[in-house]
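Colleague: First residue of the sequence shown: 69, per this note's numbering; consecutive thereafter.
Glycine is no exception: its CB is placed at the ideal position from the N, C-alpha and C atoms.
Okay, handing you the structure first.
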Amino acid sequence: MDLNTIWFLLTGVFLTGYAILDGFDLGIGILHLFIRKEQDRLINMRAISPLWDGNEVWLIAGTGSLFAVFPLAYATILSAFYFLFIMLLFSLIFRAISIEFRNKESSQKWQHFWDRGFGLGSLTASFIFGVMLGNIINGLPINKEGIFASDIILLLNPYSIMIGLLILTIFTMHGGIYMTLKTDGVLQEKMRRSVFISWIAFIILYSSAIISTLIISPIMFDGLLNRPLSFVLAFIQFATTIFIVMAIKRNRFISAFVSSSLLIAATICLLGLSLFPLLVPSRIDLLYSLTIYNAASRPYTLFVMLIIASISFPLVIAYSVYVHRIFKGKVDTSEEEGY
């Protein structure tokens with residue numbers, strides 16, 4: 069296995085970690101829009117307030133590795149999605165400010181404003197992640213020089229919008245499952261219902277996405293039939309999707325959360341397997357696509373970055389495990405820290 073492949077895998081690990089950990093944060097934010105009782109909104113906020121910033125370290129690691137290791141792919145994606153990136157950053161920043169500022173004042177108008185900011189920021193960020201992913205799957209109009217050659221408005225096409233809704237739905241389901249672990253009583257029952265609703269929406273959107281991808285981007289399926297691992301990942305997807313509902317019905321919320329996390333991981337792995345060795349397919353001509361080889365830094369840079377990652381990656385994992393162990397259990401609004 070060469071350095072380029074190792075970094076393709078590592079970048080995928082970082083992004084998978086982000087999707088699992090910040091995915092439930094974003095999902096909780098989306099659900100926040102539908103919560104009416106003040107006490108329930110307070111519980112929602114306190115469930116993630118100690119965790120959200122640490123979870124976003126995985127996004128920084130993923131984008132940082134893309135910038136350092138695959139700079140041409142990073143530059144092309146950034147130029148293609150420039151407006152979407154601005155909107156994404158604004159959404160994530162406004163969401164973070166909302167979490168921090170929400171309880172600074174006791175005014176109802178003040179808290180409702182930041183409640184909406186938290187919810188809309190989470191919803192917008194989730195949707196934009198999906199829109200960008202949908203365009204990468206569909207292929208970007210990259211010319212021979214590796215330059216994005218199209219109008220940015222074309223990025224908001226029906227396929228990318230559908231993938232945006234799919235990501236939004238799976239994060240909502242993931243967040244609802246996480247909240248069943250953190251709540252009890254009436255709020256927990258509301259979260260259980262949200263999981264069932266988002267699960268049905270996920271099934272519909274994911275089935276539609278598979279059919280649409282077969283039609284508009286069949287290249288995504290070309291290599292899968294020759295790779296046995298793809299069948300294993302597809303089975304994990306199917307099994308975890310079914311088990312989520314079974315576990316929620318039986319109040320086995322930890323099992324449901326593990327299944328949801330495995331579903332996200334298997335989906336990202338299957339996507340990576342279908343793309344490999346491409347990073348950004350070209351819709352103009354596949355020969356113009358950016359790969360893990362023509363978009364990579366020099367071998368020396370890859371090696372140095374691998375050493376840095378081998379030191380920092382265990383620290384990121386250790387920090388994530390430590391924080392989630394410290395703040396495990398039900399949310400208690402009677403305590404200052406919420407636990």
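Unbroken alpha helix (DSSP H) runs of length 4 or more, entirely within the segment 125-177: which are they?
Modeller: If we require 4 residues or more, the alpha helix (DSSP H) runs fully inside the segment 125-177 come out as 125-137, 139-148, 150-169.
Colleague: Among the residues of its own chain, which have a CB less than 6 Å from the CB of E405, if the five just before and after it don't count?
Modeller: Residue confidence for E405 is low, a pLDDT of 45 falling below 50, so the modelled location carries little weight; the figure read from the coordinates is stated next. Excluding sequence neighbours, E405 sits near nothing in its chain.
Colleague: As a quick exercise: from F82, K172, L146, G130, pick the residue whose alpha carbon is nearest that of M113.
Modeller: Checking every option, the nearest Cα to that of M113 belongs to K172.
Colleague: What is the rounded straight-line gap between the Cα of G253 and the Cα of I128?
Modeller: Approximately 36 Å, taken between the alpha carbons.
Colleague: Nearest by alpha-carbon distance to R104: which of T131, A143, Q179 is it?
Modeller: The residue with the shortest Cα to Cα distance from R104 is Q179.
Colleague: I think S159 touches G189, with their Cβ atoms under 8 Å apart; what is that distance to the nearest whole Å?
Modeller: 5 Å between Cβ atoms; contact.
Colleague: Is the beta carbon of S328 less than 8 Å from the beta carbon of M241?
Modeller: Yes, they are a contact pair.
Colleague: Hey, out of L301, I161, L134, L201, whose CA is closest to I235's CA?
Modeller: Per the Cα distances, L201.
Colleague: Over what stretch of residues does the alpha helix (DSSP H) that includes V313 continue unbroken?
Modeller: Segment 296-317, the alpha helix (DSSP H) holding V313.
Colleague: How do the segment 282-302 and the segment 242-251 stand: do at least 3 beta-carbon pairs fall below 8 Å, yes or no?
Modeller: No: fewer than three Cβ pairs fall under 8 Å.
Colleague: Who are the near neighbours of I284 in its chain, counting only those whose CB is closer than 8 Å to its CB and skipping five residues on each side?
Modeller: Within the same chain, I284 has close Cβ partners N206, Y227.
Colleague: Excluding the 5 residues flanking P118 on each side, which residues of the same chain have their C-beta closer than 6 Å to its C-beta?
Modeller: Around P118: F395.
Colleague: Would you identify the three-state DSSP class for T251, choosing helix, strand or coil?
Modeller: Coil.
Colleague: For V326, report the span of its alpha helix (DSSP H) as first-last.
Modeller: Looking at the DSSP string, the run of the alpha helix (DSSP H) that includes V326 is 321-343.
Colleague: F138: which of L78, N123, T237, I272 sits nearest, CA to CA?
Modeller: Of L78, N123, T237, I272, the residue nearest in Cα terms is L78.
Colleague: L208 by DSSP, collapsed to three states: which one?
Modeller: The answer is strand: DSSP assigns L208 an E or B state.
Colleague: Since I believe L191 is in contact with G91 (beta carbons under 8 Å), could you give me their beta-carbon distance rounded to a whole number of angstroms?
Modeller: Not really, about 13 Å apart at Cβ, beyond 8 Å.
Colleague: Of the choices L358, V81, A364, L339, whose alpha-carbon is the least far from that of P286?
Modeller: Nearest of L358, V81, A364, L339 to P286, Cα basis: L339.
Colleague: Okay, do the segment 356-365 and the segment 316-330 touch, 3+ Cβ pairs below 8 Å being the bar?
Modeller: The segment 356-365, when compared against the segment 316-330, does not touch it at the 8 Å Cβ threshold.
Colleague: What span of residues does the beta strand (DSSP E) with V348 cover, start to end?
Modeller: It spans 346-348 - the beta strand (DSSP E) in which V348 sits, taken as one unbroken run.
Colleague: Kindly give me the distance between the Cβ atoms of G130 and F181, rounded to whole angstroms, as I take these residues to be in contact under 8 Å.
Modeller: Not really, about 31 Å apart at Cβ, beyond 8 Å.
Colleague: Near A115, which residues of its chain fall below 6 Å by C-beta distance, leaving aside the five closest residues on each side in sequence?
Modeller: The answer, listed in chain order, is K250, V399.
Colleague: I need the straight-line Cα distance from L355 to L341, nearest angstrom please.
Modeller: Straight-line Cα distance between these residues: approximately 19 Å.
Colleague: Out of I316, E213, A136, state which residue places its alpha-carbon closest to the alpha-carbon of P367.
Modeller: It is A136 whose Cα lies nearest to the Cα of P367.
Colleague: Are F270 and T237 closer than 8 Å when you measure CB to CB?
Modeller: Yes, these two residues count as a Cβ contact at 8 Å.
Colleague: Consult DSSP for G358 and reduce its assignment to one of helix, strand or coil.
Modeller: For the sequence presented, residue 358 should be read as Leu rather than Gly. Correct three-state label for L358: strand.
Colleague: Let's see if you can read the secondary structure: which residues bound the alpha helix (DSSP H) around R393?
Modeller: 367-394 is the extent of the alpha helix (DSSP H) around R393.
Colleague: Using alpha carbons as the reference points, say which of A193, I154, Y246 lies closest to I111.
Modeller: For I111, the nearest C-alpha among the options comes from Y246.
Colleague: Quick one: what's got a C-beta closer than 7 Å to N203's C-beta in the same chain, skipping five residues either side?
Modeller: Correct list, in chain order: L223, S228.
Colleague: Tell me which residue opens and which closes the alpha helix (DSSP H) that V81 is part of.
Modeller: Where V81 is concerned, the enclosing alpha helix (DSSP H) stretches over 71-100.
Colleague: Closest by CA to L273, which one among I265, M230, S175, D290?
Modeller: Among I265, M230, S175, D290, the Cα nearest to that of L273 belongs to M230.
Colleague: Report yes if the C-beta distance between I336 and T84 is below 8 Å; otherwise report no.
Modeller: Yes, the Cβ-Cβ distance between I336 and T84 is below 8 Å.
Colleague: What are the boundary residues of the alpha helix (DSSP H) that A115 is part of?
Modeller: A115 -> alpha helix (DSSP H) spans 106-116.
Colleague: Let me know the secondary structure DSSP gives P226 once reduced to three states.
Modeller: Looking at P226 - three-state DSSP - the assignment turns out to be helix.
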